Amino acid sequence: MRAPGGKDGLVAGDVLLAVDNVSLSFGGVKAITEVSFDIRKGEIRAIIGPNGAGKTSMLNVINGFYHPQQGRITYKGATRQKMRPYVAASQGISRTFQNVALFKGMSTLDNIMAGRTLKMQGSFFWQLFRHGPAMREEIEHRRKVEEIIDFLEIQAIRKTPVGKLPYGLQKRVELGRALAMEPDLLLLDEPMAGMNLEEKEDMSRFILDVNNQYGTTIALIEHDIGVVMDLSDRIVVLEYGRKIADGTPDQVKSDQKVIDAYLGVSH
Amino acid sequence: MAAAASTRDDTFPKLLGRNARDRGARPAIRHKDFGIWQTWTWAEVHGLCRAYAAALHELGLQPGETIAIVGTNRPRLYWSMMAAQMLGAIPVPVYSDSVAEEMAYVLAHADVKLAAVEDQEQVDKLLSISERIPNLRHILYDEERGLRDYDHTRLHHIERLLARGAETLRADPAAAAALDASIAAGKGADLGVILYTSGTTGRPKGVMLTYDNVLISARNGCAFDRLDETEETIAYLPLAWVGDHIFSYAQSLVAGFCVNCPESPDTVVEDRREIGTTYAFAPPRVYENLLTLTMVRMEDAAPLKRRMFHYFLDVAKRVGEPILNGESVSLTDRLLYGLGEALVYGPLKNRFGFSRIKVAYTAGEAIGPEIFRFFRSLGINLKQLYGQTEAAVYVTMQPDGEIRADTVGRPAPEVEVRIADNGEVMFRSPGVFQAYYKDPEATAKTKTADGWVHSGDAGFFDATGHLKIIDRAKDVGKMRDGSLFPPKYVENKLKFYSNIKEAVAFGDGQDSVSCFINIDLTAVGNWAERNGIVYASYQELAGHPQVYDMIARHVDEVNRSLAVEPMMGGAQIKRFLILHKELDADDGELTRTQKVRRGFIAERYAPLVTALYDGSPEADIRTEVTFEDGRKGVIAARVKIRDCATYPVAAPAPAMENAA
């Protein structure tokens, strides 16, 4: 019962975001060189590659944090060269970070609520007095947040300050905050880094469920190749900032260039 | 009049109808969902269960067929039981955390046709064993997440069934009349439920209980403690356990009180606090955990608070119980206790969710006397009862004013108890089960022709007419010098220390007693943090010399206390070791109700047991472990062994000889 078309008028399988011939360098260091790929609506797309391959840079380009010197990015049919992260967020791109970036002193609930900021409409005046439309709106936001808490099974830590939580749970809260935006495109930067097997399995299940239940398009960076092969519909492989392979897990797995990049090759 | 009422409302569906009539607007059940307590009244529950029953009828559930109930405590699972009973079908609640293998056995043995389950995890589990249960026709689930893309030919969302059933009842008066007739046809002597015992030994056995069995027990229990429709309880113990079936299902229907389902298994403590339960039930483990958590938190509290806490706890220890029992206490002490109530006990009870508690029970295992007294001294009317699935719970219970830590009370109303020649406790009551499902051999072994049941526990009546349970009848051993060895008695003394989570004592047929100890990671981990002890894993912490020193001090205290008791003095601990891994139900070392399986453990850790008795200072062990996802791995360790001092045994007092 996945919605056939979202509010953007796209149907599952249409290109949601296309990266076209993008290059990015910091001074003389080339982080990304002439990379092109696309992300289709409703799929789970993985970006993999050895350390320093430019994966996180790629995510930063997509959500407008870095501006590529060359190339174009087309999102929901609109082409752009520069975009501010704020604009990316308001257009439905949300993300999590490699190093958890939460408000450590705030509770799980408040952290996820923070993810609703862009959805808040009420005027400052009403919010100040917590009355009228602002109150109704807050109740609506809280309902949405509670749905996410229920979805991610974190009821028991609803009111716990995030800084006190183990790492695996913090990652889950961060996913919750990203979901609170009701994103069209969810960028996950190493969602399973530093987790034990059980936490990884839980997180994998949540990622699949998000994709299944909300029809959210997901682009993720992950080091655990086993997890990537199981989760993703298509994989793009980067090495030294260049794309070396792109395709389904089976295609990528048997690609000689990928094998060389991961296992090393004698010269 | 009571008798007349009992013939009229002699099944659960009839009682639900009565409650909908007599107290339709009162709350029947609550569930915390999306952070808010959702409430259903008796009238609403009645309507929903009827709709559910109509839908189950359309799915082809016939009278006499069985339906499995798998999951945590949720309104829709309780309603699944009720809806099945409306049709004359029999619910079979199953332990939801049992591994696929165990579940396959129970479901196949009970020959279930339908299964009502909680969520995707349970659906997957049932699908994975579907070839072992060929008669299972439909699976009904409560939580939809992740199940959207599954093949729904044999899979149904309970919510949609409720809507469909309501529609049927509205559109088709004949269906409604047929349902009314089916409810009216039920009678007290019908089979109401099959509860599978957790299987301390061998395969689980299906205990068949009629409506009469469960209802008479539930009524007697309600009358004993004067429970009424204003009680609030929290349902968090396994549905498959007879305790939950009586306390959260039967008694709620009998007395008309409200049952509260927690948001998730991890939020029980918080949810209990929000509700403020008036009637509580928990195995000793839960009370132990509450006490451990409190003590650990107090260690981290500011010095002033800590001093105040310990001062008033001492006051409570001295005068709390006498005050609760209504004995005479000096005015100064009463004033001090009142001050303590305002400063310490009140807030503490609020934390526990016991601010409004009327009566709380502990059963299932012996509770440490210190833990028991701790709660009573705070003014919580904690009592013990002794019960079994085969008795529909109640065998003995403690009347108000006769509460002691070391007994389990007098025979419950309408229950006869006697002690067999071998010391085994036997009982007979209206709650006694009919038979084990499809197992006449086991039935004959447990239940005599004239209705007496072998409890399997050894015990005796003390001078005041209270029953004392020592241990499982078959577990009470003799040491080579002839002195008595009750392993559980020794283990419970050890488990009183918050640092010790589990203990397994050996000594039957040996010269001395020795034991395995499991440290409590919460308590010992906190202690390690405060003392600057660095550790990377459970295994490393368990083997740390300073941890050994601390545990050795606890063992020494246990030996001193054993030496004081003439009958038990021979059971002092000579040697002990700390296990490198936690005992776990997934590895078969504990039962699903968290009791140690001593025989299995002795076999599994045979090299360690040998080392305990051959004097070696350490031993190697390799064990296979099962991870939560079902994969297997191997843990290897070298475990150290400590020797302990023993003390001369006190001379037997004449009174004790009589008791023996």
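The listed protein sequences correspond, in order, to chains A and B. Under my numbering, the first residue of the first sequence is numbered 61, with each subsequent residue one higher. Under my numbering, the first residue of the second sequence is numbered 19, with each subsequent residue one higher. Quick reminder that beta carbons are idealized off the backbone N, C-alpha and C, glycines included. Quantities reported herein were computed from a predicted structural model and do not represent experimental measurements.
1. Rounding to the nearest angstrom, what Cα-Cα distance links Leu197(B) and Glu282(A) in this structure?
2. Is there a C-beta anywhere in chain A that falls below 7 angstroms from the one on Ser116(B)?
3. What's the call for Ser395(B), buried or exposed, on a 16-neighbour Cβ count within 10 Å?
4. What residues match up with Thr59(B) in a beta bridge as DSSP calls it?
5. With which residues is Asp475(B) paired in a DSSP beta bridge?
6. Please name the residues in the segment 203 to 224 of chain A whose beta-carbon is closer than 8 angstroms to at least one beta-carbon of chain B, in chain order.
7. Do three or more CB pairs link the segment 291 to 307 of chain B to the segment 248 to 258 of chain B at distances below 8 angstroms?
8. Quick one, are the C-beta atoms of Ser292(A) and Ala238(A) less than 7 angstroms apart?
9. Assuming Gln416(B) and Gly405(B) make a contact with CB atoms under 8 angstroms, what is their CB distance in whole Å?
10. Suppose you measure from the CA of Met255(A) to the CA of Val233(A); what does that come to, to the nearest Å?
11. If contact is defined by three or more beta carbon pairs under 8 angstroms, each pair taking one atom from either stretch, is the segment 383 to 399 of chain B in contact with the segment 446 to 459 of chain B?
12. Using the beta-carbon count (16 or more within 10 Å), is Gln80(B) buried or exposed?
13. How long is the line joining the alpha carbons of Glu242(A) and Asp210(A), rounded to whole angstroms?
14. Once DSSP output is grouped into helix, strand and coil, what is the label at Gly651(B)?
15. Quick check on DSSP: helix, strand or coil for Cys662(B)?
16. Establish whether the CB of Gly73(A) and some CB of chain B are separated by less than 7 angstroms.
17. Once DSSP output is grouped into helix, strand and coil, what is the label at Val433(B)?
18. So, for Pro625(B): in the same chain, excluding its five sequence neighbours on each side, which residues have a beta-carbon less than 6 angstroms away from its beta-carbon?
19. Hey, how far is the Cα of Asp647(B) from the Cα of Val117(B)?
20. What does the alpha-carbon distance come out to for the pair Thr482(B) and Asn536(B)?
21. Answer yes or no: do Val443(B) and Gly477(B) have a C-beta to C-beta separation smaller than 7 angstroms?
22. Going along the chain, which residues of its own chain have a beta-carbon closer than 7 angstroms to the beta-carbon of Ile488(B), five neighbours each way excluded?
23. Buried or exposed for Lys18(B), going by 16 or more other Cβ atoms inside 10 Å?
24. Just checking: is the beta-carbon of Ser555(B) within a distance shorter than 7 angstroms of some beta-carbon in chain A?
25. Who does Tyr104(A) pair with in a DSSP beta bridge?
26. Could you tell me if Ala199(B) is buried or exposed, where buried requires 16 or more neighbouring beta carbons within 10 angstroms of its beta carbon?
27. Tell me which residues of the segment 261 to 289 of chain A have at least one Cβ-Cβ distance to chain B shorter than 8 angstroms, keeping chain order.
28. So the alpha helix (DSSP H) Arg237(B) belongs to, where does it begin and stop?
29. So that I know if they touch, is there some Cβ in chain A lying closer than 7 angstroms to that of Asp602(B)?
30. Taking C-beta to C-beta, are Ala148(A) and Lys101(A) nearer than 7 angstroms?
31. Using a Cβ-Cβ distance under 7 angstroms, would Asp284(B) count as near chain A?
32. What residue from Lys204(A), Ile295(A), Phe163(A) and Val297(A) has the CA that sits closest to Ile54(B)'s CA?
33. Report the partner residues of Asp306(A) according to the DSSP bridge assignment.
34. To the nearest angstrom, report how far apart Asp80(A) and Gly286(A) are at their CA atoms.
35. Please identify the residue among Thr350(B), Tyr70(B), Arg155(B) and His174(B) whose C-alpha is closest to the C-alpha of Arg163(B).
36. Apart from the five residues on each side of it in sequence, which residues of its chain come closer than 6 angstroms, Cβ to Cβ, to Asn37(B)?
This is what the structure gives:
1. One C-alpha to the other measures close to 56 angstroms.
2. For Ser116(B), the answer is no, since every Cβ of chain A falls outside 7 angstroms of its Cβ.
3. Counting every other CB atom within 10 Å of its CB across the protein chains shown gives Ser395(B) a total of 16 or more, marking it as buried.
4. Answer by DSSP bridge pairing, in chain order: Pro45(B).
5. Answer is Arg490(B), bridged to Asp475(B).
6. Within the segment 203 to 224 of chain A, the qualifying residues are Arg203, Glu206, Glu207, Ile209, Asp210, Phe211, Glu213, Gln215, Ala216 and Arg218.
7. With the cut-off at 8 angstroms, the segment 291 to 307 of chain B and the segment 248 to 258 of chain B touch.
8. Inclusion of Ser292(A) and Ala238(A) in the CB contact set at 7 angstroms is not warranted, their separation being larger than that value.
9. Not quite, the Cβ-Cβ distance comes to about 12 angstroms (not below 8 angstroms), so this is no contact.
10. One Cα belongs to Met255(A), the other to Val233(A), and the distance between them is close to 14 angstroms.
11. In short, these stretches do not touch, since the Cβ pair count stays below three.
12. It is exposed - the Cβ of Gln80(B) has fewer than 16 other Cβ atoms within 10 Å.
13. A direct Cα-Cα distance of roughly 15 angstroms separates Glu242(A) from Asp210(A).
14. Correct three-state label for Gly651(B): strand.
15. When secondary structure is reduced to three states using DSSP, Cys662(B) falls in the coil class, being assigned neither helix nor strand.
16. No, no contact with chain B.
17. Correct three-state label for Val433(B): coil.
18. Closer than 6 angstroms at Cβ, skipping near neighbours: Ala637 and Ile639.
19. A direct Cα-to-Cα measurement between Asp647(B) and Val117(B) gives close to 10 angstroms.
20. So the two alpha carbons sit approximately 36 angstroms from each other.
21. Between Val443(B) and Gly477(B), the gap from beta carbon to beta carbon is short of 7 angstroms.
22. Contacts found: Ala476, Gly477, Val494, Pro504 and Tyr507.
23. The structure shown has nothing for residue 18(B), since chain B only spans 19 to 678.
24. For Ser555(B), the answer is no, since every Cβ of chain A falls outside 7 angstroms of its Cβ.
25. Reading off the sequence, residue 104(A) comes out as Ile, not Tyr. DSSP output for Ile104(A) lists Ile278(A) as bridge partner(s).
26. Result: exposed.
27. Only Glu261, Arg265, Leu268, Asp269, Asn272 and Gln273 from the segment 261 to 289 of chain A bring a Cβ to less than 8 angstroms from some Cβ of chain B.
28. Counted as a single uninterrupted DSSP element, the alpha helix (DSSP H) harbouring Arg237(B) occupies residues Tyr229 to Phe242.
29. Not flagged as an interface residue toward chain A: Asp602(B), since no C-beta distance is shorter than 7 angstroms.
30. No, the pair does not count as a contact, with Cβ atoms beyond the cut-off.
31. It does: the Cβ of Asp284(B) has a partner Cβ on chain A nearer than 7 angstroms.
32. Ranking Lys204(A), Ile295(A), Phe163(A) and Val297(A) by Cα distance to Ile54(B) puts Lys204(A) first.
33. Bridge partners of Asp306(A) according to DSSP: Val296(A).
34. For the pair Asp80(A) and Gly286(A), the Cα-to-Cα distance works out to about 28 angstroms.
35. Ranking the options by Cα distance to Arg163(B), first place goes to His174(B).
36. Trp60 and Gly274.
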